[in-house]
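Note sheet for the following structure.
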């Protein structure tokens, strides 16, 4: 069995409270990393770097440490920047508020090393409800509304069906495959004895990939101002190269640090519009997938109405965001795929800033730019 190395690649922004804990848990793994790479878009990133290199790096002096500022701020660009700097066989692309249990990396690397045919391109950790024991967290959690109230009901079969198909709280229900179908993979015989199962898509806070697979695929750079669905997009494209698995014994807690810059309205609108942009760029049949997008968005409008109401958000921000996405998606679909890389980031920024939105890059849409509030 070939011994493989792993490296941690973290894209971060204004998470100086929780980031040191994430890094400390990484260096304390029973299977330690060979390198840690942090790409920081914070305005004060040098101060955080100095603290990390002063307080944490000496605890693991044998590692290769890279802590640098973002060349282009944005989650996908920062992740791509870190991947380009990586040298390890496997890259862990967890969030800056993801907290690994002590054996998390060991369990994940066991899968890669047992995969003698190199059929597995990615392994995802399993979510734990609580942080690793004896860990003090100075940061504040994000308020997630109704999803917090659902935990006690998660074992109820009827609730599971409602949660997935009505509230659409499942990545597979929200995803539209660029090729029309999802790849169907089986667990290779060489790792069938391990506690793993195939997955169609990955959750961004707990992803790992073979470095060459994600380096060749890359994260979608046009999702610059807000990167919702970048994990689904990247993992789907990697899944067309090889198998994605979840290692059940590899435990990780996602803290959900409460430092979002965007409103619920903006997050909802951009989560759907990002999907439209990715479909326009990557779909092999955009007419088919445009129809699927509008059907899905109609379902999402209803789902967000229920979620807003149950959480007593009487201004219905998430539902309004979805309605805005429905109204504006035609601009995305009217823009040629070759123009999206330049046009869509400007569209995102204008929507976030409440400025007049750019029209499509080709003149088949009528009307003046829309001012959104």
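Numbering (our numbering), first residue to last: 3 to 375.
Beta carbons are placed, not taken as given, at the ideal position from N, Cα and C, and that holds for glycine.
Being a predicted model, the structure only gives us computed values, none of them experimental.
Residue from the options with nearest C-alpha to residue i
i, options, result
"residue 57", "22, 349, 15", "22"
"residue 337", "307, 325, 283", "283"
"residue 206", "107, 214, 237", "237"
"residue 254", "15, 31, 49, 292", "31"
"residue 252", "46, 128, 24", "128"
"residue 125", "219, 244, 218", "244"
"residue 299", "310, 224, 290, 326", "326"
"residue 246", "162, 137, 122, 106", "122"
The alpha helix (DSSP H) enclosing residue i, as first and last residue numbers
i, result
"residue 323", "319-336"
"residue 51", "47-57"
"residue 209", "Counting along the chain, residue 209 falls outside any alpha helix (DSSP H), though it belongs to the beta strand (DSSP E) covering 208-212."
"residue 345", "339-355"
"residue 22", "21-29"
"residue 106", "106-116"
"residue 303", "288-312"
"residue 280", "266-284"
"residue 239", "232-241"
Whole-Å CB distance - residue i paired with residue j, under 8 Å assumed
i, j, result
"residue 286", "residue 180", "6 Å"
"residue 279", "residue 334", "5 Å"
"residue 36", "residue 17", "Wrong, their Cβ atoms sit about 23 Å apart, outside the cutoff."
"residue 257", "residue 133", "7 Å"
"residue 270", "residue 248", "In fact, because the Cβ distance is near 27 Å, the residues do not count as touching under 8 Å."
"residue 69", "residue 54", "6 Å"
"residue 376", "residue 10", "Here the chain comprises residues numbered 3 to 375, so residue 376 is not present and cannot be evaluated."
"residue 275", "residue 330", "6 Å"
Bridge partner(s) assigned by DSSP for residue i
i, result
"residue 256", "100"
"residue 8", "92"
"residue 200", "247"
"residue 39", "11, 68"
Residue i - containing beta strand (DSSP E), residue span
i, result
"residue 65", "Careful: residue 65 lies outside any beta strand (DSSP E) and carries neither H nor E."
"residue 128", "122-129"
"residue 3", "Careful: residue 3 lies outside any beta strand (DSSP E) and carries neither H nor E."
Residue-level contact to chain D via CB, residue i, 7 Å cutoff
i, result
"residue 187", "The displayed structure is made up of one protein chain only, and chain D is not part of it."
Are there three or more Cβ pairs, one per stretch, closer than 8 Å when the segment 94-102 is compared with the segment 61-75?
no
Contact between the segment 222-235 and the segment 104-114 is defined here as three or more beta-carbon pairs at a separation below 8 Å; is this criterion met?
no
Would you say the segment 117-136 touches the segment 176-192, given that touching needs at least three Cβ pairs under 8 Å?
yes
For the segment 340-347 and the segment 307-321, state whether three or more C-beta atom pairs, one from each stretch, are separated by less than 8 Å.
no
At least three beta-carbon pairs within less than 8 Å, the segment 84-92 to the segment 25-39
yes
Assess contact between the segment 317-324 and the segment 198-215, defined as three or more Cβ pairs (one per stretch) separated by less than 8 Å. Is contact present?
no
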